[in-house]
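Single-structure report; data block below.
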Amino acid sequence: MLDDVMRLAPEFDVLHFHIDYMHFPLSRYCALPSVTTLHGRLDLPDLIAVYKRFSDAPVVSISLAQRKHLPRANWVANIPHGLPADLLTFQPNPGDYLAFLGRISPEKRVDRAIEIARRAGMPLKIAAKIDPVDRAYYESTIKPLMNEPGIEFVGEIGEQEKSEFLSNAYAYLFPIDWPEPFGLTMIEAMACGTPSIAFNCGSVPEVMHEGLTGFIVDDMDQAVAAVEKISSIERTACRNVFEKRFTAARMAEEYVDLYQSMISMAVDATISADDPSIFPHSQEIAQ
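The opening position of the sequence shown corresponds to residue 19 in this note's numbering, with each subsequent residue numbered one higher.
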């Protein structure tokens with residue numbers, strides 16, 4: 019794939035990568051402007067050496083919290099994710115169950131979701147996939163909890179089912195326990211008008227609007243109390259925040275602005291390199 023990209027590079031104005039740092043040894047020697055959006059967690063120790071070596075690689079964050087562990091990376095923009103405005107269905111009336119959507123893994127803490135629902139006295143629907151790496155965790159820790167009253171394991175769902183699942187929920191539970199880079203499901207729930215109860219980790223305070231799109235909590239007691247307060251959240255206001263901050267159109271506009279800025283800088287750099295008064299030896303080097 020990278021060989022094809024570099025071979026075809028002259029046909030484009032900008033190269034935009036979404037494959038972490040795999041391309042850095044090639045893109046740094048490509049004359050074309052390039053940028054990389056980083057989508058994952060950046061608190062892994064091995065990444066420090068990588069971004070020290072390739073400190074010139076322009077990178078885009080999807081939240082400011084994502085930058086915390088690599089503050090010296092060459093950050094050129096922060097562009098939060100967006101979704102098509104008509105992808106998910108807005109539902110003005112709340113449903114009667116709590117919802118959990120995502121992977122069943124230690125950092126997603128579906129066990130917290132189950133406890134919140136049990137203590138709040140509400141049913142919980144869990145739409146989640148189980149990756150092979152998390153199978154043992156599911157069998158030992160989560161599966162026994164599935165027998166709790168009111169807990170329904172829906173399994174993995176597709177995009178078509180996601181809209182109905184989230185829009186008909188009373189609230190969406192996001193009880194994470196890791197430095198979340200963004201948390202796409204929060205804005206999916208927002209698009210449906212469904213408020214979220216999210217733990218204060220990673221990007222959550224940037225994505226959520228406290229008291230408007232749901233509640234940010236620090237512990238289980240606060241999470242249970244938040245369920246009781248969800249009725250105070252106006253679902254139309256929830257949807258309005260999505261339309262203002264998290265549409266795909268807004269995201270695309272911000273990327274286009276970034277591309278244009280990078281192209282302009284590349285042109286300016288080329289002009290400067292050709293000006294002997296600025297770089298008097300550039301013509302000799304070129305020859």
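Every residue gets a Cβ at the ideal spot worked out from N, C-alpha and C, and that includes glycine.
Close Cβ partners of I303 (< 8 Å) along its chain, the five nearest in sequence each way excluded: Sequence index remark: in the sequence shown, residue 303 carries index 285 (1-based). Because I303 sits at a pLDDT of 28, beneath the cut-off of 50, its placement in the model cannot be relied upon, and the following sentence gives the value as read from the coordinates. If we look at I303 and ignore the five residues flanking it on each side, it has no Cβ neighbours.
Within the continuous beta strand (DSSP E) that includes L33, where are the two ends? Taking the first residue of the sequence shown as 1, we reach residue 33 at position 15. Looking at the DSSP string, the run of the beta strand (DSSP E) that includes L33 is 33-35.
Minimum C-alpha distance to R137 - residue among K262, A244, R263, T254: Looking up residue 137 in the sequence shown gives position 119. Here the closest residue by C-alpha is A244.
Please report the residue range of the alpha helix (DSSP H) in which S185 lies. In the sequence shown, the residue the question calls residue 185 occupies position 167. S185 -> alpha helix (DSSP H) spans 177-185.
Alpha carbon to alpha carbon, how far is L101 from Y277? To locate residue 101, count along the sequence shown from 1; it is residue 83. To locate residue 277, count along the sequence shown from 1; it is residue 259. Cα to Cα, L101 sits roughly 20 Å from Y277.
Through-space distance from R130 to I144, alpha-carbon basis: Residue numbering aside, residue 144 sits at position 126 when the sequence shown is read from its first letter. Residue numbering aside, residue 130 sits at position 112 when the sequence shown is read from its first letter. Rounded to whole angstroms, the separation of the alpha carbons of R130 and I144 is 12 Å.
Measuring straight from C-alpha to C-alpha, what distance separates P298 and R59? Along the sequence shown, one-based indexing puts residue 298 at 280. Along the sequence shown, one-based indexing puts residue 59 at 41. Because P298 sits at a pLDDT of 37, beneath the cut-off of 50, its placement in the model cannot be relied upon, and the point is left open.
Taking the alpha carbon of I281 as the reference point, which residue from H34, P63, P150, Q109 has its own alpha carbon closest? In the sequence shown, the residue the question calls residue 281 occupies position 263. Of the candidates H34, P63, P150, Q109, the one whose C-alpha sits nearest the C-alpha of I281 is H34.
Spatial neighbours of Y156 within its chain, please: CB distance less than 7 Å, with the 5 preceding and 5 following residues excluded, ordered by chain position. Counting from 1 along the sequence shown, the entry for residue 156 is found at position 138. Answer for Y156: I122, I148, listed in chain order.
For L191, the nearest candidate out of V128, D31, D236, L163 (CA to CA): For the purposes of this step, residue 191 is identified with residue 173 of the sequence shown, where counting begins at 1. Per the Cα distances, V128.
Tell me which residue opens and which closes the alpha helix (DSSP H) that V222 is part of. As a first step, residue 222 is located in the sequence shown; it is residue number 204 there, counting from the start. Secondary structure note for V222: its alpha helix (DSSP H) is the uninterrupted segment 222-225.
On a CA-only basis, which of Q84, M208, D236, T54 is nearest K262? Give me that one, please. The residue given as residue 262 occupies position 244 in the sequence shown. The shortest CA-to-CA distance from K262 to any of Q84, M208, D236, T54 is the one to M208.
So, L195 versus E125, is the Cβ gap smaller than 9 Å? Along the sequence shown, one-based indexing puts residue 195 at 177. Along the sequence shown, one-based indexing puts residue 125 at 107. It should be pointed out that residue 195 corresponds to Asp in this sequence rather than to Leu. If you check the CB distance, D195 and E125 come in under 9 Å.
Whose C-beta lies closer than 6 Å to the C-beta of A266 among residues of the same chain, with five residues either side of it excluded? Within the sequence shown, residue 266 is the residue found at index 248, counting from 1. Non-local C-beta neighbours of A266 in its own chain, meaning closer than 6 Å and more than five positions away in sequence, comprise G100, L101, P102, ordered along the chain.
Where the beta strand (DSSP E) through K262 begins and ends: Along the sequence shown, one-based indexing puts residue 262 at 244. Per DSSP, K262 lies in no beta strand (DSSP E) segment; the continuous alpha helix (DSSP H) that holds it begins and ends at 253-263.
Using three-state DSSP, classify V78 as helix, strand or coil. The residue you call residue 78 lines up with position 60 of the sequence shown. Of the three classes helix, strand and coil, the one that applies to V78 here is strand, per DSSP.
Report all residues from its chain with a CB closer than 6 Å to the CB of Q305; omit the five preceding and five following residues, and keep chain order. Your numbering for residue 305 matches position 287 in the sequence shown. Because Q305 sits at a pLDDT of 33, beneath the cut-off of 50, its placement in the model cannot be relied upon, and the following sentence gives the value as read from the coordinates. Around Q305: no qualifying Cβ.
Best match in E133, I97, I169, L105 for proximity to Y115 [C-alpha to C-alpha]: In the sequence shown, counting from the first residue as 1, residue 115 sits at position 97. Residue I169 is the option with its Cα nearest to Y115.
Given a cut-off of 9 Å on the beta-carbon distance, is the pair Q231 and I251 in contact? Within the sequence shown, the letter at position 213 stands for residue 231. Within the sequence shown, the letter at position 233 stands for residue 251. The sequence given here has Thr at residue 231, not Gln. Taking 9 Å as the Cβ cut-off, T231 and I251 qualify as a contacting pair.
Out of P63, F264, A75, I37, state which residue places its alpha-carbon closest to the alpha-carbon of K86. Locating residue 86 in the sequence shown gives position 68, where the first residue counts as 1. Closest option to K86, Cα to Cα, is P63.
Can you tell which of E198, P197, M40, I215 has its C-alpha closest to the C-alpha of M19? Here residue 19 refers to the residue found at position 1 of the sequence shown. Looking at E198, P197, M40, I215, the one whose alpha-carbon comes closest to that of M19 is M40.
Span separating the alpha-carbon of V53 from that of V77: The residue you call residue 53 lines up with position 35 of the sequence shown. The residue you call residue 77 lines up with position 59 of the sequence shown. Between V53 and V77, the alpha-carbon positions lie close to 6 Å from each other.
If you count every other CB in all the chains shown that lies within 10 Å of the CB of E166, and 16 or more means buried, which is it? Here residue 166 is taken as the residue at index 148 of the sequence shown, counted from 1. Exposed: under 16 other Cβ atoms inside 10 Å.
Pairwise C-alpha distance: T212 and E271: Start at 1 with the first residue of the sequence shown, and residue 271 comes out as number 253. Start at 1 with the first residue of the sequence shown, and residue 212 comes out as number 194. Our two residues, E271 and T212, have alpha carbons roughly 26 Å apart in a direct line.
I need the boundaries of the beta strand (DSSP E) containing A216, first residue and last residue. Locating residue 216 in the sequence shown gives position 198, where the first residue counts as 1. Element bounds for A216: 214-217.
Buried or exposed: F260, going by 16 or more other Cβ atoms within 10 Å of its Cβ? Residue mapping note: residue 260 aligns to position 242 of the sequence shown, counting from 1. Label assigned to F260: buried.
Could you give the residue range of the alpha helix (DSSP H) that holds R130? In the sequence shown, counting from the first residue as 1, residue 130 sits at position 112. That run of the alpha helix (DSSP H) goes 128-138.
Can you list, in chain order, the residues of its chain with a C-beta nearer than 7 Å to that of S79? Leave out the 5 residues immediately preceding and following it. Looking up residue 79 in the sequence shown gives position 61. Within the same chain, S79 has close Cβ partners L56, R85, W93, N96.
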